[in-house]
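J.: Mind having a look at this structure? Questions to follow.
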Amino acid sequence: MPDIDSAFSPDGLLAMAVPSFRPRPQQLEMARRIAEALEENRVLVAEAGTGTGKTFAYLVPALLSGGKVILSTGTKTLQDQLFNRDLPTVRAALKVPVTVALLKGRANYVCPYHLERNSHDGRFLTAQDAVDLRAIARFAKTTHSGDKAECTEVREDSAAWLAATSTRDNCLGQECPNVKECFVLSARRAAMDADVVVVNHHLFFADVMLRDEGMGELLPACNAVIFDEAHQLPETASLFFGENVSTAQLLELARDTRSETLAGARDCRELIDASRALEKAARDLRLAFGPEPARLSAAQAATLPQFDDALKALDDELGRFAAILGTQAERSEGLANCLRRTDEIQQRLGRWRAPDSAELIRWVEVFTQSAALNATPLHVSQVFRRQLESHPRAWIFTSATLAVGSDFGHYCDELGLSWLEPPPLTEVWGSPFDYAEQALLYAPAGLPDPNHPDYVEAVARTVLPLIRAARGRTFVLCTSLRAMRRIHGLLADGLERAGDKLPMLLQGEGSRTELLERFRRLGNAVLVASQSFWEGVDVPGDALSLVVIDKLPFAPPDDPVLAARVEHLQKSGRNPFMHYQLPRAVINMKQGAGRLIRSERDRGVLCICDPRMIDKPYGKVIWRSLPPMRRTRLEAEAVAFLEQLPPPPGM
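Going by the UniProt record's numbering, the sequence shown opens with residue 1, and the numbers climb by one from there.
Here is the structure:
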């Protein structure tokens, strides 16, 4: 059995198996520390800068540990990359007989029952949905895994997937007539038997919730849990430890009930009519908020003229729907399941309308086509800490962005790690990249305060000469959708007037994957985006040479969840800005800044427009947390840096 040092040595197993492998001191130190934590069942919180090679740093000790390990990632993209590329590479290099499995949430697997039921139903919103569903049906006959990521013929965001997959709500479980063909159960059986299981944070917390409610488990018992992209855990935990009722859930319930009625109780016209009435009540609730997306506290929602009436009408309609459904539920498993879902939604809606805990933040999120009534816990630390203390195993938390400087206090407090005995181990390993040589941080002088009405126009004017000098190859990362759309329009006009025909891309014009593929392929594009592109986006090489950030990424002060947490901190005598808002902004800023330099040969400029980074005392905290790039306030220096970069291919 190889050891950690020999695996990472210049002529070791990784070097022999991976042509691109280069020994890095930070990577070896991190692997040693993780191996110690695994052996001693300790909690380790580790920040590893971009380029450290943290994936190999945790995979090697995980595969050599001899125990069962769960690897949890923040995104399905990284989950697939880990399972399909990195894990097989390291396993082959180490020559260890370790079995591995991939496990995702049920919505990622084709459901034979719902696929068959909805294929026969034959009602689709568009012709493309019908084409996609037929393609999924063909895929279902040949696939071994049922994983929708393998069905490349159908777009991931196609509406047909809603008709071909199940949810926790509409799954029939062991009573399903297609249970022997179930891809979800097959994946779970493989996970139970494997030595290493790759999951994502959403699935991990779905399992925590089931255990907490005494309803079983999704994931197998293990000796260690390793979280990659661990900075996302507090947000994901808040989502799962709360609950919600959305108009989308209600529309899905009405649609599924109608489908089950046609299959098992066709003579009950009253239930069909009730499902239509429930749909109308759900849509009326969405209309009560007006056309624009928004986030409102429960108190703010209550001031809207139509909200209370629409909410009461929905509650009443749900009651009538449940009464009729109750008379038919014994006629099929599908209808019985719809009744169970109806009861659960009624209970959640009742708790939202008359909360039984002051520890919950009640708020509403309004989307273009739907609205959700959310109840989010004030803090997740107690529930998460309970998980850590109830299982004697190793817990590893790693990301490129967890600390403020070298202080992990904010992160450990959010997850309840600060109060563990023994306390968690913490480490920071900086990036091996030569930032002083590879990158320039430009903080423009003379910009107005970000609250000034002309600020967005000033940002666009400031950025334009940099984009021209970079010959495109730019990410403009904005902190709001409104600023994103305005800056995109101003930059497009400015480039047109200057005679520069650079491709302009805007978040929302396609899926994130499609936009990134276009950006890389074009080689000279300008992508203007918001929160979706601040993290988890990797564009190494010459296609990206300039990253612009319009404002320091503080959450809007009127955000209902933030406002409630700020009030709670104030009441407990703490400074919410220093203890909560600033640390979160630092971590978000590090994520955005991390898009620029992704490899040893990347070069570029990071432009942070917000003058508060220079003018305000707290700006220095953000400034010092960024990579050690050369710094300037002179436009001429930033332009000269970009102009001396090699031109895009073909120019």
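Where is the CB? At the ideal position from N, CA and C, for every residue including glycine. None of these values were measured; they are calculated from a predicted model.
1) Any chance the segment 626-641 sits against the segment 439-453, with 3 or more Cβ pairs inside 8 Å?
2) Who are Trp395's beta bridge partners in DSSP?
3) Under three-state DSSP, which class holds Ile597?
4) Say whether the segment 138-146 touches the segment 237-246, bearing in mind that this needs 3 or more beta-carbon pairs closer than 8 Å, one atom from each stretch.
5) Would you mind giving the Cβ-Cβ distance between Arg106 and Arg168, rounded to the nearest angstrom? I have them listed as a contact below 8 Å.
6) Mapping DSSP to helix, strand and coil, what is Glu292?
7) Assign Arg565 to one of two classes, buried (16 or more other C-beta atoms within 10 Å of its C-beta) or exposed (fewer than that).
8) Taking the alpha helix (DSSP H) that Pro448 falls in, what are its first and last residues?
9) If you draw a straight line from the alpha carbon of Arg269 to that of Ala323, how long is it in whole angstroms?
10) Pull up the DSSP beta-bridge partners for Arg419, would you.
11) Mind checking which residues open and close the beta strand (DSSP E) that includes Gly105?
12) What is the DSSP secondary structure of residue 688, reduced to helix, strand or coil?
13) Just the Cα atoms here: how many angstroms apart are Ser145 and Pro112?
14) Please report the distance separating the alpha-carbon of Asp500 from that of Arg468.
15) Taking the alpha-carbon positions, what's the Ser625 to Gln369 distance?
16) DSSP three-state call for Met504: helix, strand or coil?
17) Which residue or residues does DSSP assign as beta-bridge partners of Leu425?
18) Using only CA atoms, which one of Ala7, Leu185 and Arg295 lies nearest to Leu172?
19) With the cut-off set at 8 Å, would you say Asp157 and Ser511 are in Cβ contact?
20) Check whether the segment 413-431 touches the segment 380-388, counting contact only when three or more Cβ pairs, one atom from each stretch, lie closer than 8 Å.
21) Closer than 8 Å is the cut-off here; do at least three beta carbon pairs connect the segment 33-51 with the segment 418-428?
22) Would you mind giving the Cβ-Cβ distance between Leu464 and Cys338, rounded to the nearest angstrom? I have them listed as a contact below 8 Å.
23) What separation, rounded to the nearest whole angstrom, lies between the Cα atoms of Glu279 and Ala313?
24) First and last residue of the alpha helix (DSSP H) that includes Leu185?
25) What's the C-alpha gap between Leu335 and Thr257?
26) Identify the residues that DSSP records as bridge partners of Asp559: which are they?
27) Less than 8 Å separating the beta-carbons of Asn223 and Thr73?
28) Could you tell me which residues DSSP pairs with residue 652 in its beta bridges?
29) Might you give, ordered along the chain, the residues of its own chain that have their beta carbon closer than 7 Å to the beta carbon of Val561, omitting 5 neighbours on each side?
30) What whole-angstrom Cβ distance do Asp550 and Thr479 have, given they're in contact under 8 Å?
31) Report the residue from Asn588, Ala92 and Leu115 whose alpha carbon sits nearest the alpha carbon of Leu162.
32) Evaluate the contact criterion for the segment 21-33 versus the segment 54-70: three or more CB pairs, one atom per stretch, below 8 Å.
33) Quick check on Ser20: buried or exposed, where buried means 16 or more other Cβ atoms within 10 Å of its Cβ?
34) Classify Gly66: buried if its beta carbon has 16 or more other beta carbons within 10 angstroms, exposed otherwise.
35) Shortest alpha-carbon distance to His379 belongs to which of Ala130, Tyr109, Leu569 and Ile622?
36) With Phe384 as the anchor, note down where its alpha helix (DSSP H) starts and where it stops.
T.: In short, the structure shows the following:
1) yes
2) Counted from its first residue, the sequence shown places residue 395 at position 395. For Trp395, which the question treats as bridged, DSSP gives the partners Val43 and Val225.
3) The residue labelled residue 597 in the question sits at position 597 within the sequence shown. Here Ile597 sits in coil by DSSP.
4) no
5) Sequence index remark: in the sequence shown, residue 106 carries index 106 (1-based). Sequence index remark: in the sequence shown, residue 168 carries index 168 (1-based). Correct: roughly 7 Å between the Cβ atoms.
6) As a first step, residue 292 must be located in the sequence shown, where it is residue number 292. The answer is coil: DSSP assigns Glu292 none of H, G, I, E or B.
7) What you label residue 565 is simply residue 565 of the sequence shown in a count that begins at 1. It is buried - the Cβ of Arg565 has at least 16 other Cβ atoms within 10 Å.
8) Translated into positions along the sequence shown, residue 448 becomes position 448. Per DSSP, Pro448 belongs to no alpha helix (DSSP H) and is neither H nor E.
9) Position 269 of the sequence shown, counted from the first residue, corresponds to residue 269. Position 323 of the sequence shown, counted from the first residue, corresponds to residue 323. Taking the straight line joining both Cα atoms gives about 14 Å.
10) Residue 419 sits at position 419 when you count from the first residue of the sequence shown. Here residue 419 turns out to be Trp, not Arg, going by the sequence shown. Answer by DSSP bridge pairing: none, since Trp419 is not bridged.
11) Counting from one through the sequence shown, the residue named residue 105 turns up at place 105. Run containing Gly105: none; DSSP gives neither H nor E here.
12) The requested residue 688 is not part of the displayed model; the chain covers only 1 to 651.
13) Within the sequence shown, numbered from 1, the residue matching residue 145 stands at position 145. Within the sequence shown, numbered from 1, the residue matching residue 112 stands at position 112. Those two C-alpha atoms are separated by around 12 Å.
14) Position 500 of the sequence shown, counted from the start, is the residue given in the question as residue 500. Position 468 of the sequence shown, counted from the start, is the residue given in the question as residue 468. C-alpha separation (whole angstroms): 8 Å.
15) The count along the sequence shown starts at 1 and reaches residue 625 at position 625. The count along the sequence shown starts at 1 and reaches residue 369 at position 369. Spanning the two alpha carbons is a distance of roughly 39 Å.
16) As a working note, residue 504 is residue 504 in the sequence shown. Strand at Met504.
17) Translated into positions along the sequence shown, residue 425 becomes position 425. Note: Leu425 sits in a beta bridge opposite Leu44.
18) Taking the first residue of the sequence shown as position 1, residue 172 is located at position 172. Nearest option by C-alpha distance: Leu185.
19) By 1-based counting over the sequence shown, the position of residue 157 is 157. By 1-based counting over the sequence shown, the position of residue 511 is 511. For Asp157 and Ser511, yes; Cβs fall inside 8 Å.
20) yes
21) yes
22) As a first step, residue 464 is located in the sequence shown; it is residue number 464 there, counting from the start. As a first step, residue 338 is located in the sequence shown; it is residue number 338 there, counting from the start. With a Cβ gap of about 56 Å, Leu464 and Cys338 do not count as contacting.
23) If you number the sequence shown from 1, residue 279 lands on position 279. If you number the sequence shown from 1, residue 313 lands on position 313. Glu279 and Ala313: Cα-Cα distance of roughly 12 Å.
24) Position 185 of the sequence shown holds residue 185. Run containing Leu185: Phe183 to Asp193, per the alpha helix (DSSP H) assignment.
25) The residue you call residue 335 lines up with position 335 of the sequence shown. The residue you call residue 257 lines up with position 257 of the sequence shown. Looking at the two C-alpha atoms, the distance is approximately 7 Å.
26) Reading the sequence shown from its first residue, position 559 is the one you call residue 559. In DSSP, Asp559 forms no bridge with anything.
27) Residue numbering aside, residue 223 sits at position 223 when the sequence shown is read from its first letter. Residue numbering aside, residue 73 sits at position 73 when the sequence shown is read from its first letter. Not closer than 8 Å, so no.
28) Outside the modelled stretch of the chain, which goes from 1 to 651, sits residue 652, for which no answer is possible.
29) Here residue 561 refers to the residue found at position 561 when the sequence shown is read from its first residue. So the qualifying residues of the chain are Ile361, Trp363 and Thr376.
30) If you number the sequence shown from 1, residue 550 lands on position 550. If you number the sequence shown from 1, residue 479 lands on position 479. Indeed, because the Cβ distance is near 6 Å, the residues count as touching under 8 Å.
31) The residue given as residue 162 occupies position 162 in the sequence shown. Considering only alpha carbons, the answer is Leu115.
32) yes
33) Position 20 of the sequence shown, counting from 1, holds the residue named residue 20. Exposed: under 16 other Cβ atoms inside 10 Å.
34) As a first step, residue 66 is located in the sequence shown; it is residue number 66 there, counting from the start. Burial call: exposed.
35) As a working mapping, residue 379 is identified with position 379 in the sequence shown. Answer by Cα proximity: Leu569.
36) Numbered from its first residue, the sequence shown carries residue 384 at position 384. Residues Ser381 to Ser390.
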